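Student:
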Amino acid sequence: MRPADVLRFAAGSATGYPLRTFLMVLAMSIGVAAVVMLTALGDGARRYVVNEFSSLGSNLVIVLPGRSETGGFNPANAITGTPRDLTVGDAHAIARAPSVLRTAPLTIGTSEAAYGGKLKDVTVVGTTADYFLIRGLTVAQGRILPAGDTGLSSSVAILGAKVREEMFGAEPAVGRMIRVGDRRYRVIGVMAQSGQGLGMNADEVIVLPVSAAQAMFNTNTLFRILVEAKGRESILAAKAEAAEIIKTRHDGEEDVTVITQDAVLATFDRILGVLTYGVAGIAGISLAVAGILVMNVMLVAVTQRTGEIGLMKALGAPGHTIRNAFLTEAALLSTAGAVLGYLIGQGGAFVLRLTFPTLPAHAPVWAVIAALATALVTGLLFGVMPANRAARLDPVQALAKR
Amino acid sequence: MSLIELSAIERVFTLGDSEVHALHALDLAIEAGEYVAIMGPSGSGKSTLLNLLGLLDRPNAGTYRLEGRDVTTLSAEEQARVRRERIGFVFQSFHLVPRLTAAENVALPMMLAGIPAAERAQRVTTALADYGLTDRASHRPDQLSGGQRQRVAIARATIMRPAMLLADEPTGNLDRATGEDVMSLLEGLNAGGVTLIVVTHDPVLGGRARRRVMMQDGSKVEDTGAR
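Quick note, the sequences are listed as chains A and B, same order.
In this text, residue positions in the first sequence follow my numbering: the first is 250, and each later residue adds one.
In this text, residue positions in the second sequence follow my numbering: the first is 5, and each later residue adds one.
Put into structure tokens, the structure is as follows:
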């Protein structure tokens with residue numbers, strides 16, 4: 250039997266039983282669509298998180314106080330015990346390193362803001378003008394912190410968009426005095442809407458000069474030092490330089506952790522990537538179920554067409570011809586299901602993107618290829634047993650059955 | 005050399021614990037071009053004999069020589085080839101593929117033999133014209149009368165120009181007049197040189213054959229034309 254004839258014959262058998270064919274194609278397409286849509290969702294979530302972190306600022310290196318990795322026994326640890334604090338001086342020192350463009354000290358605490366009888370708990374961020382440049386933050390009204398070192402006398406504040414809205418409402422905020430803690434600050438700017446970043450919502454903070462914030466919290470330590478490298482290629486150099494400078498300044502003890510944004514990103518990327526694989530695996534189960542359905546339907550087809558198989562044998566069709574015809578039919582049905590499922594899945598991903606515009610729900614190419622291949626392979630694999638059964642049918646008994 | 009030579013054929017079926025001798029010590033020779041009716045009551049082994057002749061079944065013992073070649077020892081693949089090229093089947097219930105048109109049903113054996121589509125179409129057109137089915141070519145079996153269905157089945161059985169036609173109660177599902185037409189058609193083919201073997205329990209139908217083989221309990225009890 251010629252391949253073209255096998256194909257035409259199998260297609261004829263498939264279309265000869267429309268309901269059965271429809272149900273099987275449907276089952277297969279649901280499996281494929283599930284894989285395509287769920288991986289689109291998982292991968293979309295991954296890309297969303299990665300994007301969010303990228304918005305932290307480019308070429309970012311972060312210095313954290315304390316050592317998060319175990320470095321073995323260090324005699325210095327035995328004597329000192331606690332790590333030295335990060336100071337504004339450390340930030341200035343790092344800023345002078347060759348690969349570093351600018352640094353921003355960061356101290357964070359909570360306090361109470363008051364204006365016109367309204368009270369609100371706010372996150373206070375103490376930093377310098379460079380913070381705005383590193384994070385790419387802009388003001389909607391007024392201006393950012395004045396450049397350079399500002400002493401305690403500089404009592405200015407910049408409000409997050411949400412703080413301004415809740416404290417001032419329709420009133421203009423710039424130029425007014427607002428009380429934070431037990432001191433009064435002049436509002437010099439209101440930040441543009443920004444969103445989540447570094448574990449805090451930039452819309453719900455009040456930014457003060459670092460010295461003012463440290464005075465408010467009665468401390469001289471920093472929460473973080475944000476370091477911006479001169480370029481993407483100098484990120485690693487900046488990281489090494491920052492670590493070295495801190496070590497020198499801290500009596501030769503490496504008591505800080507320096508991480509790059511890339512490392513953080515890579516971790517999230519990996520976690521959510523694994524999540525996507527997991528989701529794809531779960532969806533893959535529905536493909537396996539569809540495969541079993543293919544087998545069931547093909548077995549029914551063999552029973553249904555016993556007479557026809559007997560006739561084919563009487564007309565001189567050897568076993569392998571009949572097996573090929575049934576396998577081709579299973580493959581055709583699987584292919585139709587896979588293609589339909591692919592279209593449904595992509596359609597679903599499109600609807601997801603329309604519904605949640607921030608979520609880039611595109612199915613990854615590997616998932617689409619894997620889903621289509623799995624559909625075909627399960628279809629064929631589960632088609633083998635029914636096809637073999639058809640090929641082995643005894644023609645005399647098959648013909649007697651009508 | 006006879007077309008068909010059966011010698012000492014045994015066919016035993018196991019039903020539960022008991023063994024049924026469907027055919028026992030059967031010898032039969034049929035020459036090319038003969039018209040033979042195999043007759044007998046149900047259970048006499050005539051259908052088993054037909055299946056053996058058509059290579060749909062294998063004997064437990066004995067040899068079957070077809071055109072001088074021992075076909076009992078052939079592989080399933082080779083037997084399928086012999087069926088395809090040398091044997092045509094006509095069944096009581098026609099056995100047309102319901103989803104295929106008359107023309108496609110007739111073309112089926114050629115498709116299985118791998119004959120190119122163009123040649124198939126031409127031979128089908130000729131065959132349908134020969135059997136007066138030209139205007140029925142694109143009808144499916146459920147749109148055909150019983151007589152037309154059996155004519156399509158005969159066209160299909162002869163399209164590969166086989167050496168012998170095996171007909172199992174070919175008129176069993178037809179009324180008398182239509183059955184008469186179908187038998188004349190088969191007898192016409194026999195007159196053209198095709199060996200015709202008809203299995204029937206109908207004495208009238210069997211009486212038309214030049215040679216009658218009576219079967220009973222798996223053995224040949226009478227053979228009018230044994231030479």
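Heads up, the beta-carbon is just placed ideally off N, CA and C, and yes, glycines get one too.
Model, not experiment: these values are computed from the prediction.
Quick one: does V101 (chain B) have its CB under 8 Å from some CB of chain A?
Tutor: yes
Student: Using beta-carbon positions only, say whether E477 (chain A) and R351 (chain A) come within less than 8 Å of one another.
Tutor: yes
Student: Please list the residues of the stretch 145-169 of chain B that have a C-beta atom closer than 7 Å to any C-beta atom in chain A, keeping them in chain order.
Tutor: none
Student: Mapping the DSSP letters down to three states, classify A181 (chain B) as helix, strand or coil.
Tutor: helix
Student: With a threshold of 8 Å between beta-carbons, can N194 (chain B) be considered close to chain A, or not?
Tutor: The C-beta of N194 (chain B) comes no closer than 8 Å to any C-beta of chain A.
Student: Return the CA-CA distance between T319 (chain A) and V312 (chain A), expressed in angstroms with no decimal places.
Tutor: In this predicted model, T319 (chain A) has a pLDDT of only 49, less than 50, meaning its place in the structure is not dependable; the value taken from the coordinates is given anyway. Distance between the alpha carbons of T319 (chain A) and V312 (chain A): 17 Å.
Student: According to a CB-to-CB cut-off of less than 8 Å, which residues of the stretch 554-566 of chain A neighbour chain B?
Tutor: G556, E557, G559, L560, M561, K562, A563, L564, G565, A566
Student: DSSP three-state call for P635 (chain A): helix, strand or coil?
Tutor: helix
Student: Closer than 8 Å, Cβ to Cβ, to anything on chain A: give me those residues from the stretch 55-68 of chain B, in chain order.
Tutor: N55, G58, L60, D61
Student: Output the distance between the C-alpha atoms of G501 (chain A) and I357 (chain A), rounded to the nearest integer angstrom.
Tutor: Whole-angstrom Cα-Cα distance: 27 Å.
Student: Which partner residues of R351 (chain A) appear in the DSSP bridge assignment?
Tutor: A:E477
Student: Across the stretch 192-202 of chain B and the stretch 23-31 of chain B, are there enough close Cβ pairs to call them in contact, namely three or more that are closer than 8 Å?
Tutor: Flag = no, the stretch 192-202 of chain B and the stretch 23-31 of chain B do not touch.
Student: If you compare alpha carbons, which of B:R212, B:R15, B:Q220, B:I158 is closest to I91 (chain B)?
Tutor: Nearest option by C-alpha distance: B:I158.
Student: Note down, in chain order, all residues in the stretch 529-555 of chain A with a beta-carbon under 8 Å from any beta-carbon belonging to chain B.
Tutor: none
Student: For the putative contact between R473 (chain A) and L355 (chain A), defined by C-beta atoms under 8 Å, what is the C-beta separation to the nearest angstrom?
Tutor: 4 Å
Student: Looking at the structure shown, is L148 (chain B) part of a helix, part of a strand, or coil, going by DSSP?
Tutor: coil
Student: Does L570 (chain A) come within less than 8 Å of chain B when only Cβ atoms are used?
Tutor: Here the sequence assigns Thr to residue 570 (chain A), which means Leu is not the residue at that position. Yes, because at least one Cβ of chain B sits closer than 8 Å to the Cβ of T570 (chain A).
Student: If Y68 (chain B) and L10 (chain B) are in contact, beta carbons under 8 Å, what's the gap, nearest whole angstrom?
Tutor: 5 Å between Cβ atoms; contact.
Student: According to DSSP, what are the bridge partners of G556 (chain A)?
Tutor: Note: G556 (chain A) sits in no beta bridge, so no partner.
Student: In chain order, what residues of the stretch 284-310 of chain A put their CB closer than 7 Å to some CB of chain B?
Tutor: none
Student: What is the rounded straight-line gap between the Cα of N194 (chain B) and the Cα of M187 (chain B)?
Tutor: Their Cα atoms are separated by approximately 10 Å.
Student: Keeping to the same chain, check which residues put their C-beta closer than 6 Å to that of F466 (chain A); ignore five residues upstream and five downstream.
Tutor: G358
Student: Taking the straight line between their C-alpha atoms, what separation do you get for L209 (chain B) and E89 (chain B)?
Tutor: 27 Å
Student: Could you check the C-alpha separation between G418 (chain A) and V459 (chain A) for me, to the nearest Å?
Tutor: Across the structure, G418 (chain A) and V459 (chain A) are spaced so that their CA atoms are roughly 27 Å apart.
Student: Using a Cβ-Cβ cut-off of 8 Å, state whether V645 (chain A) counts as contacting chain B.
Tutor: yes
Student: Please list, in chain order, the chain A residues whose beta carbon lies closer than 8 Å to that of P80 (chain B).
Tutor: Here residue 80 (chain B) is Ala; the residue named in the question, Pro, does not match the sequence. The answer, in chain order, is P567, G568.
Student: Determine, using beta-carbon pairs with one atom in the stretch 570-587 of chain A and one in the stretch 629-639 of chain A, whether at least three such pairs fall under 8 Å.
Tutor: yes
Student: Would you kindly check if the distance between the Cβ of G590 (chain A) and the Cβ of V281 (chain A) is under 8 Å?
Tutor: yes
Student: At the 8 Å Cβ level, is R648 (chain A) part of the contact set with chain B, yes or no?
Tutor: Reading the sequence as shown, one finds Leu at residue 648 (chain A) and not Arg. At least one chain B Cβ lies under 8 Å of L648 (chain A).
Student: Looking only at C-alpha atoms, which of B:L60, B:M43, B:I13 sits nearest to Q646 (chain A)?
Tutor: B:L60
Student: Which of the three DSSP states, helix, strand or coil, is assigned to Q96 (chain B)?
Tutor: coil
Student: Pair every Cβ in the stretch 600-620 of chain A with every Cβ in the stretch 524-543 of chain A, then say whether three or more of these pairs are closer than 8 Å.
Tutor: Result yes; three or more Cβ-Cβ pairs closer than 8 Å.
Student: What does the alpha-carbon distance come out to for the pair R155 (chain B) and L189 (chain B)?
Tutor: 8 Å
Student: Just by C-beta distance, which residues in the stretch 105-119 of chain B are closer than 9 Å to chain A?
Tutor: Along the stretch 105-119 of chain B, the positions whose C-beta sits under 9 Å from a C-beta of chain A are E108, L112, P113, M115, L116, A117, G118, I119, read in chain order.
Student: Identify whether T129 (chain B) lies in helix, strand or coil by the three-state DSSP scheme.
Tutor: Three-state DSSP puts T129 (chain B) in a helix.
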